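Okay, so the sequence shown: first residue is 17 according to our numbering, each after it adds one.
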Amino acid sequence: MKKLLFLTLIGLMITACGKDDSYDPMEVEEVDTQAPSKPLNLDASEQTETSIKLTWEASTDNIGVTGYKIYQDETAITGLITETTFTIESLTSGSLYSFYITAFDAEENESAKSNTLEAFTIEQPLSFLPLLSEMGVFDGNLSDLNPSDGVQLYEIHSTLFTDYAHKQRLIRLPNGKSMRYNNTDLLPAFPDNTLISKTFYYNLDERDPSLGNKIIETRIQLKVNGEWIVGDYIWNASQTEATLRETGSTEAISFIDANGNTQNVNYQIPSKQDCFTCHNNNTTTSPIGLKLRNLNFIPSYTNQNQLNYFGGLGLLQGVNSGNTSVLPNWEDENLLIEDRARAYMDVNCAHCHQPRGSVPPGFMLDFRLETAFPDTGIYANRGEIIARFQSTLPTYRMPQLGRTVIHGEALQMLNEYIDSL
17 MKKLLFLTLI GLMITACGKD DSYDPMEVEE VDTQAPSKPL NLDASEQTET
67 SIKLTWEAST DNIGVTGYKI YQDETAITGL ITETTFTIES LTSGSLYSFY
117 ITAFDAEENE SAKSNTLEAF TIEQPLSFLP LLSEMGVFDG NLSDLNPSDG
167 VQLYEIHSTL FTDYAHKQRL IRLPNGKSMR YNNTDLLPAF PDNTLISKTF
217 YYNLDERDPS LGNKIIETRI QLKVNGEWIV GDYIWNASQT EATLRETGST
267 EAISFIDANG NTQNVNYQIP SKQDCFTCHN NNTTTSPIGL KLRNLNFIPS
317 YTNQNQLNYF GGLGLLQGVN SGNTSVLPNW EDENLLIEDR ARAYMDVNCA
367 HCHQPRGSVP PGFMLDFRLE TAFPDTGIYA NRGEIIARFQ STLPTYRMPQ
417 LGRTVIHGEA LQMLNEYIDS L
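In structure tokens, the structure reads:
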């Protein structure tokens, strides 16, 4: 009997070994330690004032991806989410945020980080506040005219005359946005919430600007919801603040010119309606001086071309100094007299004297630089052009706004041009 039991056990063991000769009673199941691949191409879209939508490409894993975590400014802000898109909410308007994504599998293996993405929420629409100091244009002592962070100085090649006043020109773009080439050498495309500032002042003594100045006004243009709005801040006598005002006025100014002579000017501060007269084109309000061709030169504040400088700062895209034209500097006596005269008329007159400008079409004048000479009306009206340029009568002089005294240097140049026709 014992012999029979022994033979049965031996048979069972042989049968078992025959079924699986790799059996090892000490063997244990392997643990997955391989992390998923990192998420790719993290991107932002559909930004609002308080939210940013994130999207990314799915990760892969040897067994399976179970979800993703989103990190904001190095801190995880979600649990595991299974989709490859997520909208971050409750953010602050006009603020910069940093994000990256990681992937997880069932064993909680975490992938490497995705690309780090920086994205801004949209700023609240700009509006005119009662005081200039509230607009965020200047930093420190207001009368020092020191631009705040993010406010960029700019200059134009051929300038507009305003009774010999000096002008400081500034532009501020919303965070993360830029001006873009608009398939023309005229105005670029400006993003909403762009602010353009121009401050008018006189040096007390042109022979020594360090003796101080008299600031008159700071004109501001804001682009809000696709349209430009205008406001003018008038400086107080103590030069400590400027107040938003819509009505025009005249201010008596006295200064010493470069030759040591005292000059007196009845400076005209424009009304809001006056601003529209020059800045409206076919009922659409727009800037005047910031044309790309008028920015295409080396300004005094940097040693490189201004368009290229803006491009390097991320303020301008799609254009550089080599692929747009240059508006001549009308003060450059080395240029042809025709080029100087046409440039002066373009920047000082063409915003009104063109088919869509504020001057009635019956005057038949088009002073835009791009207008062929036979179509400008300059030759047929040459006598009246000079007569109006040398007049100071408010209803007859040209331009009628922004000038109360004769621009002697320009008049001499224009006389030479008209005589050459």
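For every residue, glycine included, the Cβ atom is placed at its ideal position computed from N, Cα and C. Fair warning: this is a prediction, and the values are worked out from it, not measured in the lab.
Helix, strand or coil at residue i [DSSP, three-state]
i              : result
threonine 256  : coil
glutamine 322  : helix
glutamate 243  : strand
glycine 424    : helix
leucine 329    : helix
aspartate 355  : helix
methionine 361 : helix
aspartate 121  : strand
glutamate 369  : A small correction: the amino acid at residue 369 is histidine; glutamate does not occupy that position in the sequence shown. Of the three classes helix, strand and coil, the one that applies to histidine 369 here is coil, per DSSP.
histidine 173  : coil
aspartate 163  : Position check: residue 163 holds proline in this sequence, whereas aspartate was assumed. The answer is strand: DSSP assigns proline 163 an E or B state.
glutamate 134  : strand
tyrosine 433   : helix
aspartate 290  : helix
arginine 188   : strand
isoleucine 402 : helix
serine 337     : coil
proline 410    : coil
glutamate 126  : strand
cysteine 33    : Note that cysteine 33 scores a pLDDT of 46, beneath 50, so its modelled location is shaky and nothing firm can be said.
asparagine 157 : coil
Integer Cβ distance of residue i from residue j, believed to fall under 8 Å
i                 : j              : result
phenylalanine 153 : serine 164     : As written in the sequence, residue 153 is valine, which differs from the phenylalanine given in the question. Confirmed, about 6 Å.
alanine 60        : isoleucine 68  : 5 Å
isoleucine 232    : alanine 181    : 7 Å
arginine 384      : glutamine 370  : 5 Å
asparagine 191    : glycine 95     : Between glycine 95 and asparagine 191 the Cβ distance is about 30 Å, and since that is not below 8 Å, they are no contact.
threonine 137     : glutamate 65   : 6 Å
aspartate 208     : asparagine 241 : 6 Å
leucine 323       : asparagine 312 : 5 Å
arginine 188      : leucine 220    : Incorrect: roughly 29 Å between the Cβ atoms, too far for contact.
threonine 266     : asparagine 282 : 5 Å
leucine 343       : asparagine 310 : 4 Å
leucine 56        : asparagine 364 : So it is not a contact: roughly 54 Å between Cβ atoms.
serine 407        : arginine 413   : 4 Å
Residues of its chain near residue i, where Cβ-Cβ distance is below 6 Å and the 5 sequence neighbours each way are ignored
i                 : result
glycine 305       : Ile172
tyrosine 87       : Tyr116
phenylalanine 292 : none
threonine 178     : Gly418
isoleucine 236    : Ser213 and Gly247
asparagine 321    : Ile314 and Ser337
Residue i and residue j closer than 7 Å at C-beta
i                 : j              : result
alanine 122       : threonine 76   : no
phenylalanine 271 : glutamine 284  : no
alanine 359       : tryptophan 346 : yes
leucine 260       : proline 146    : yes
leucine 158       : serine 149     : yes
tryptophan 244    : serine 302     : yes
phenylalanine 102 : leucine 70     : yes
Residues near residue i by beta carbon distance below 7 Å, same chain, minus five either side
i             : result
arginine 14   : In the structure displayed, the chain extends from 17 to 437; residue 14 sits before or after that span and is not available.
glutamate 128 : Here residue 128 is alanine; the residue named in the question, glutamate, does not match the sequence. Once the five neighbours on either side are set aside, the close Cβ partners of alanine 128 are Lys54.
Residues near residue i in its chain [Cβ-Cβ closer than 8 Å; skip 5 each side]
i           : result
serine 316  : Glu171
leucine 437 : Ile394, Tyr395 and Arg398
Residue-chain proximity (residue i, chain D), Cβ-Cβ < 7 Å
i           : result
leucine 323 : Going by chain labels, chain D is absent from the structure shown, which holds only one protein chain.
Within the region 54 to 107, note down every full alpha helix (DSSP H) run reaching 4 residues or more, in order along the chain. none
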